[in-house]
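Notes follow once the structure below has been shown.
Number of protein chains: 2
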Amino acid sequence: MIINKYLTEAGNTNQPLGVSLFSQLQKDILLEKLKPGQKLTEQSLCTLYKVSRTPIREALRQLEMEGLVETIPNRGAFVTGFSKTDLSDMLSLRKIYEMQAVRWAIERITEEEMDDLLETFEFMEFYTIKKDIEKMHNINISFHKIIYDASHNRMLKQILSSYQIYLKYKRRDVVYPEDYLPSVLEEHRAIYQAFLKKDIEKGVKAMEIHLTNSADRTLL
Amino acid sequence: MIINKYLTEAGNTNQPLGVSLFSQLQKDILLEKLKPGQKLTEQSLCTLYKVSRTPIREALRQLEMEGLVETIPNRGAFVTGFSKTDLSDMLSLRKIYEMQAVRWAIERITEEEMDDLLETFEFMEFYTIKKDIEKMHNINISFHKIIYDASHNRMLKQILSSYQIYLKYKRRDVVYPEDYLPSVLEEHRAIYQAFLKKDIEKGVKAMEIHLTNSADRTLL
DNA sequence: CCGGGTATAATTGTATACAAGTGTACAATT
DNA sequence: AATTGTACACTTGTATACAATTATACCCGG
Chain A
23 MIINKYLTEA
33 GNTNQPLGVS
43 LFSQLQKDIL
53 LEKLKPGQKL
63 TEQSLCTLYK
73 VSRTPIREAL
83 RQLEMEGLVE
93 TIPNRGAFVT
103 GFSKTDLSDM
113 LSLRKIYEMQ
123 AVRWAIERIT
133 EEEMDDLLET
143 FEFMEFYTIK
153 KDIEKMHNIN
163 ISFHKIIYDA
173 SHNRMLKQIL
183 SSYQIYLKYK
193 RRDVVYPEDY
203 LPSVLEEHRA
213 IYQAFLKKDI
223 EKGVKAMEIH
233 LTNSADRTLL
Chain B
23 MIINKYLTEA
33 GNTNQPLGVS
43 LFSQLQKDIL
53 LEKLKPGQKL
63 TEQSLCTLYK
73 VSRTPIREAL
83 RQLEMEGLVE
93 TIPNRGAFVT
103 GFSKTDLSDM
113 LSLRKIYEMQ
123 AVRWAIERIT
133 EEEMDDLLET
143 FEFMEFYTIK
153 KDIEKMHNIN
163 ISFHKIIYDA
173 SHNRMLKQIL
183 SSYQIYLKYK
193 RRDVVYPEDY
203 LPSVLEEHRA
213 IYQAFLKKDI
223 EKGVKAMEIH
233 LTNSADRTLL
């Protein structure tokens, strides 16, 4: 049974090749299967991913927009990659916009979105008890995405959503401490309660604390 | 004579069609020659821009990444457009990151970048006296781009640079008041002096003031 | 052995051909 | 009259062919 849209996966398999190719290449670059500086010849990608050049080129244009590859005209595409420094920079930038998202979201959140937030938070409590880290990651993302939506700012939502993908792959090798899940739960509880009380300053502060801790955890 | 790289235009004419197509479509969407909701048939774009579907599709993927069009698989691309609300949202988001850019830039700026900043500011003084609004627009952008570079944060630079294009086209129809140029000059002077004194808080505040005024001016 | 120039190969840029999916008009059926 | 089915046109998705550009290898003269 579907509870709310934030807790369901995408899973549409009938998408054009270029779209899934983009995701795959993005993943491979972030996981450094494709190494920074490496040249991505279209032909080699064709044989690697078993498709023709047309969808490959479309995916490369998208990667270029994200700054993951750099293409030099008539020379080809080169992996830019995503360094530790980039990750650190992104976490800083993310924190800043997440704080703003909270600010707007508390002002503008609808009742329906508030229900979603409650529901999602309750799931967090449940899976914290269950100690299911994988589920918690997904619910964590859902919780934040509800806030993005509630900010009712299309660009902000788009930017913060795009950050999530990077963090997802770059957080892979983190080893979580014993008290990880309970700590995260309490950080989110503080945010959630600020929404209940419509206390903007408290919410922003709670998000700042949460993401400062989160950054500390992911940067080791 | 070239003074510094920020004061020169790009002008590479030998770029692939997809690249210039992207810029052209971006421009046409922002200027609302292509209206929100309008369907962009690949064939019609082919005849309109006199190129084949391949570069068209590449440009559409890029526009999709910027959120200017939405493509539905097997259905086509539809203009999303950029509303007044989007502009207002973007100005808010821009201000936030510009303030952070100043924070980092004052910490990290190199001597060479400091020289560029000085040079650019002196050009501003010159063209303020000359009352050349067109030149001032370009120099204004240069001034800010130097700060982006000086922040030494690749992502921040990329995001803020991408904002500039939107503002460029959306600021077209603004009517400037008589004291526009001198006011802008003084706002930039405050920023520049904060860089000289390495006074981060003063710099951030000066940027906030500048962009608050700037937003007021562009939102009419 | 080194540098320059040319031919050749490899790669990107663009156009086009074909396949697959979607929408529409119209007839047949209920 | 409303609905379903089907043929057709149209559009997108993908592959491939051709053109333009760039990289490489080889030869040659110094």
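Chains as they are written, first to last, in our numbering: chain A, 23 to 242; chain B, 23 to 242.
The beta carbon of each residue, even a glycine, is placed where N, CA and C say it ideally should be.
Closer than 9 Å to chain A by CB, residue i
i, result
"S74 of chain B", "no"
"Q180 of chain B", "yes"
"M229 of chain B", "no"
"Q186 of chain B", "no"
"E92 of chain B", "no"
"R97 of chain B", "no"
"R193 of chain B", "no"
"L241 of chain B", "no"
"D201 of chain B", "no"
"A32 of chain B", "Confidence at A32 of chain B is low in this model, with a pLDDT of 45, below 50, so its placement is unreliable and no value can be given for it."
Cutoff 9 Å: residue i Cβ touching any chain B Cβ
i, result
"M87 of chain A", "yes"
"P38 of chain A", "yes"
"N18 of chain A", "Look at the range of chain A in this structure, 23 to 242, and you will see that residue 18 of chain A is not part of it."
"E223 of chain A", "no"
"M10 of chain A", "Coverage of chain A is limited to positions 23 through 242, which leaves residue 10 of chain A absent and any answer about it impossible."
"Q84 of chain A", "yes"
"D171 of chain A", "no"
"V41 of chain A", "yes"
"D111 of chain A", "yes"
"Y71 of chain A", "no"
"E80 of chain A", "yes"
"D154 of chain A", "no"
"D108 of chain A", "yes"
Outcome for residue i when other beta-carbon atoms lying within 10 angstroms are tallied against a minimum of 16
i, result
"R75 of chain A", "exposed"
"G225 of chain B", "buried"
"N34 of chain A", "Low local confidence applies: a pLDDT of 45 at N34 of chain A is under 50, so the model's placement there is unreliable, and no value is given."
"K55 of chain A", "exposed"
"E171 of chain B", "Reading off the sequence shown, one finds Asp at residue 171 of chain B, where the question assumed Glu. The residue in question, D171 of chain B, is buried, as its Cβ has 16 or more Cβ neighbours within 10 Å."
"G59 of chain B", "exposed"
"D238 of chain B", "exposed"
"N96 of chain B", "exposed"
"I151 of chain A", "exposed"
"A123 of chain A", "buried"
"E31 of chain B", "Confidence at E31 of chain B is low in this model, with a pLDDT of 45, below 50, so the placement of that residue is unreliable and no value is reported for it."
"V91 of chain B", "buried"
"F148 of chain A", "exposed"
"I94 of chain A", "exposed"
"L53 of chain A", "exposed"
"E144 of chain A", "exposed"
"N36 of chain A", "exposed"
"N162 of chain B", "buried"
Reference residue i, options the options, closest by Cα
i, options, result
"S66 of chain A", "A:G98, A:E92, A:S45, A:Q122", "A:G98"
"M177 of chain B", "A:I94, A:R130, A:R116", "A:R116"
"I169 of chain A", "A:V73, A:Y188, A:Y119, A:A81", "A:Y119"
"S205 of chain A", "A:K219, A:H232, A:L39", "A:H232"
"T240 of chain B", "B:I94, B:Q215, B:L139, B:M112", "B:M112"
"Q180 of chain B", "B:I78, B:E80, B:E88", "B:E88"
"R193 of chain A", "A:V41, A:E208, A:K227, A:I155", "A:I155"
"S183 of chain A", "A:P199, A:V196, A:Y198, A:F165", "A:F165"
"V197 of chain B", "B:Q215, B:E134, B:I94, B:L242", "B:L242"
"E129 of chain B", "B:P38, B:Q37, B:A228, B:L218", "B:L218"
"I51 of chain B", "B:A216, B:Y191, B:P38", "B:Y191"
"Q48 of chain A", "A:L85, A:T69, A:E64", "A:L85"
"K106 of chain B", "B:L189, B:M229, B:E208, B:P199", "B:L189"
"E133 of chain B", "B:L43, B:G40, B:K220, B:S45", "B:K220"
"E209 of chain B", "B:I222, B:E223, B:K227, B:E80", "B:K227"
"K153 of chain B", "B:E223, B:D201, B:M229, B:K57", "B:D201"
One or two residues paired with residue i in a DSSP bridge
i, result
"F100 of chain B", "B:K61, B:E92"
### Task
For the region 114-138 of chain A, enumerate the residues whose C-beta is nearer than 8 Å to any C-beta of chain B, in chain order.
Cβ contacts with chain B come from S114, L115, I118, Y119, Q122.
### Query
Taking any Cβ of chain B, which residues in the region 51-65 of chain A have a Cβ under 7 Å from it, in chain order?
Answer set for the region 51-65 of chain A: empty.
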